[in-house]
Amino acid sequence: MAKSSKGNGAGGGKGRDRGGFKSSRHGKASAAGPKAQQKLAAEEREKRGVQHTAHEASRFLKGQPIDPRRINGKETVAELIEGTYLAYNAARLREACQLFTEKMLRPDVTVGLSITGALMSALIPLIEAGFVDWIISTGANLYHDTHFGLGLAMHRGNAQESDVVLREEGVVRIYDIFFDYDVLLSTDAFFRKIITGKEFQRAMSSAVFHNLCGKYVREREKALGIGQKSLLSAAYAGGVPIYTSSPGDSSIGMNIAALALDGNKLVLDPNQDVNETASIVLDAKRDRGKSGVMILGGGSPKNFMLQTEPQIQEVLGIDEKGHDYFLQITDARPDTGGLSGATPAEAVSWGKIDPNRLPDAVVCYLDSTVALPLLTSYALARHDVRPLKRLFDRREAMMSRLREEYEKSSAAPPAIDHTDSKLPQHR
Numbered sequence: 000m001a002k003s004s005k006g007n008g009a010g011g012g013k014g015r016d017r018g019g020f021k022s023s024r025h026g027k028a029s030a031a032g033p034k035a036q037q038k039l040a041a042e043e044r045e046k047r048g049v050q051h052t053a054h055e056a057s058r059f060l061k062g063q064p065i066d067p068r069r070i071n072g073k074e075t076v077a078e079l080i081e082g083t084y085l086a087y088n089a090a091r092l093r094e095a096c097q098l099f100t101e102k103m104l105r106p107d108v109t110v111g112l113s114i115t116g117a118l119m120s121a122l123i124p125l126i127e128a129g130f131v132d133w134i135i136s137t138g139a140n141l142y143h144d145t146h147f148g149l150g151l152a153m154h155r156g157n158a159q160e161s162d163v164v165l166r167e168e169g170v171v172r173i174y175d176i177f178f179d180y181d182v183l184l185s186t187d188a189f190f191r192k193i194i195t196g197k198e199f200q201r202a203m204s205s206a207v208f209h210n211l212c213g214k215y216v217r218e219r220e221k222a223l224g225i226g227q228k229s230l231l232s233a234a235y236a237g238g239v240p241i242y243t244s245s246p247g248d249s250s251i252g253m254n255i256a257a258l259a260l261d262g263n264k265l266v267l268d269p270n271q272d273v274n275e276t277a278s279i280v281l282d283a284k285r286d287r288g289k290s291g292v293m294i295l296g297g298g299s300p301k302n303f304m305l306q307t308e309p310q311i312q313e314v315l316g317i318d319e320k321g322h323d324y325f326l327q328i329t330d331a332r333p334d335t336g337g338l339s340g341a342t343p344a345e346a347v348s349w350g351k352i353d354p355n356r357l358p359d360a361v362v363c364y365l366d367s368t369v370a371l372p373l374l375t376s377y378a379l380a381r382h383d384v385r386p387l388k389r390l391f392d393r394r395e396a397m398m399s400r401l402r403e404e405y406e407k408s409s410a411a412p413p414a415i416d417h418t419d420s421k422l423p424q425h426r
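Written out as structure tokens, the structure reads:
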């Protein structure tokens, strides 16, 4: 509410200097004010050796002063991020690291991770520390991750090499990663061998399938004596369920489809995946718990992760408010309209993110292969390990809770009282 100007003359009221131009009550210059007067005032202060410090009175200037730490080569990753990542996308990465470590890793938060891109060396430590509770990944990630668990070699290469020549020499390229074509054939053979086992001859969620695969990858790692190299193996050991949003869109799915031609009974059931992932989020939000999502890249895994809340609210009719914490690392822009670049604010309109939690949402526009190793190192340095939630082992209990709440919220559909083929329009 503005203060009264009673008692002040028309030209000499508060907030005006002797030159008649309006200034703030703190005496600071305004970019909207007369430039000549402000220039002269600054020059006069400089002559008198007066330091102008009135800026800090603005509510927009309450942020921590930017005073970067001097880099000396002895700082840890955590010290580097806290002391020098102070603005631009570096600041977003610092905010992402701090959101993850200070809020998302609290005991009452269930952390879901969606992955596009190969980043397993940074992800396995997060699983082992209890920092990731469930995962949605592309099938391609999991297929190529298995190469490491089988002891198959991947090599650094030059992305400028001729792909025609590489093809002739039996070398496969993933940007600057090169490997022998037999790596694909050996990995295909491994999956086809285990999939013919009796325990695979049924319909199952992709989490159950990946857990079974992880068991066999773990056995191969032990036989080779190579330690834990595979995400599938680490997730199996930690009871972390891994889902894939598009089971047929990878070499794993292609081999499943090929075996179906031979009469194999394995079917990855997307209905089970949709309901199981929704049950994880519902269970996380009950008993005053919270749900946090960390999204690496975007694409189908991002949508599958975030659609859990619309599935709970819109489709199942269960009262909910959206995920509590949102952290995304992406190089996709929002203005192209693609989901990969969609902001957390846009997700609010879908019910995917709790509108009251938008201050706890960070988007870092950076390549995940750069950002994730830094975030992992920061989190391990700044937070103690968490007990494993072992959500895979709790799948049946979480599904029971989902069914129970769905039955309570469901009502019989209204009777159809007309036979007109033209249905009433929604307006």
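Residue numbers for the sequence shown follow numbering that gives the first Met the number 0, so the first one is 0 and each next one is one higher. Even for Gly, the Cβ is constructed at its ideal location relative to N, Cα and C. Small disclaimer: the values here were computed from a predicted structure and weren't measured.
### Message
Considering only the alpha carbon of each residue, which of T75, E395 and H143 lies closest to E275?
### Response
E395
### Task
In angstroms with no decimal places, state the Cα-to-Cα distance between A378 and C363.
16 Å
### Query
Any contact of the stretch 100-111 with the stretch 270-290, i.e. 3+ C-beta pairs under 8 Å?
yes
### Query
Residues in its own chain within less than 7 Å of Q310 by CB, not counting five upstream and five downstream?
V273 and A277
### Task
Taking N140 and I114 to be in contact with their CB atoms under 8 Å, please state how far apart those CB atoms are, rounded to whole angstroms.
6 Å
#### Entry: Backbone secondary structure at S57 - three-state DSSP
coil
#### Entry: Through-space distance from C96 to A380, alpha-carbon basis
11 Å
### Own chain residues within Cβ distance below 8 Å of R385, not counting five before or after
L104, P106, A128, G129 and F130
### Query
Do L85 and I65 come within 7 Å of each other at the CB atom, strictly closer than that value?
yes
### Cβ pair I241, G138 closer than 7 Å
no
### Query
What number of angstroms, rounded off, separates the C-alpha of L125 from the C-alpha of L374?
10 Å
### Task
Quick one: measure Cβ to Cβ for L267 and F208, integer angstroms, because I've assumed they're closer than 8 Å.
6 Å
### Message
Counting C-beta neighbours from all protein chains within 10 Å, is the total for S4 16 or more, i.e. buried, or is it exposed?
### Response
With a pLDDT of only 41 at S4, under 50, the local geometry of the prediction cannot be trusted, and the value read off the model is given with reservation. S4 is exposed by the Cβ-count criterion.
### Message
Between D132, L390 and F178, which has its C-alpha nearest H143's C-alpha?
### Response
F178
#### Entry: Buried versus exposed call for E167 [16 or more other C-beta atoms within 10 Å across all chains shown]
exposed
#### Entry: Per-residue DSSP class, three states only, for G237
helix
### Query
Smallest Cα separation from R68: which of S57, I80 and R217?
I80
### S22 versus M304 - alpha carbon distance
Because the pLDDT at S22 is just 46, under 50, the model does not fix this residue reliably, and the value given afterwards should be weighed accordingly. The alpha-carbon atoms of S22 and M304 are separated by roughly 51 Å.
### As assigned by DSSP and simplified to three states, the class of A130
Sequence check: residue 130 is Phe here, not Ala. F130: coil per DSSP, three-state reduction.
### Query
Measuring CA to CA, which of S205, R191, F147 and R155 is closest to R443?
Lying before the first or after the last residue shown, residue 443 is absent from the chain, which here runs from 0 to 426.
### Query
In terms of alpha-carbon separation, which member of K264, S205 and K221 lies closest to S245?
S205
### Message
For F325, report the span of its beta strand (DSSP E) as first-last.
### Response
Y324 to T329
### Query
Which class does A259 belong to by DSSP, given the choice of helix, strand or coil?
helix
### Query
Count the other CB atoms within 10 Å of the CB of A234; is the residue buried (16 or more) or exposed (fewer)?
buried
#### Entry: According to DSSP, residues forming a beta bridge with H154
F177
### Message
Let's see if you can read the secondary structure: which residues bound the alpha helix (DSSP H) around S229?
### Response
From DSSP, S229 is part of no alpha helix (DSSP H); its letter is neither H nor E.
### Query
Using a Cβ-Cβ cut-off of 7 Å (strictly less than) and excluding sequence neighbours within five positions of L401, which residues of its own chain qualify?
N274, A277, S278 and L281
### Message
On the DSSP bridge list, what partners appear for A360?
### Response
F325
### Query
If you drop the 5 nearest sequence neighbours on each side, which residues of the same chain put their C-beta closer than 6 Å to that of G8?
The pLDDT assigned to G8 is 41, lower than 50, so where the model puts this residue is not dependable, and the model offers no usable value.
### Query
Hey, would you say G321 sits closer than 7 Å to K351, going by beta carbons?
yes
### Message
So, at 6 Å on beta carbons, what are the nonlocal neighbours of L223 in its own chain, with the 5 sequence-adjacent residues on each side left out?
### Response
G150
#### Entry: Span of the beta strand (DSSP E) around G111
V108 to I114
### Task
Note down the Cα distance separating I193 from V239, rounded to an integer number of angstroms.
20 Å
### Task
Would you identify the three-state DSSP class for T243, choosing helix, strand or coil?
strand
#### Entry: For K433, the three-state DSSP class (helix, strand or coil)
In the structure displayed, the chain extends from 0 to 426; residue 433 sits before or after that span and is not available.
#### Entry: Alpha-carbon spacing of K228 relative to Q50, whole angstroms
59 Å
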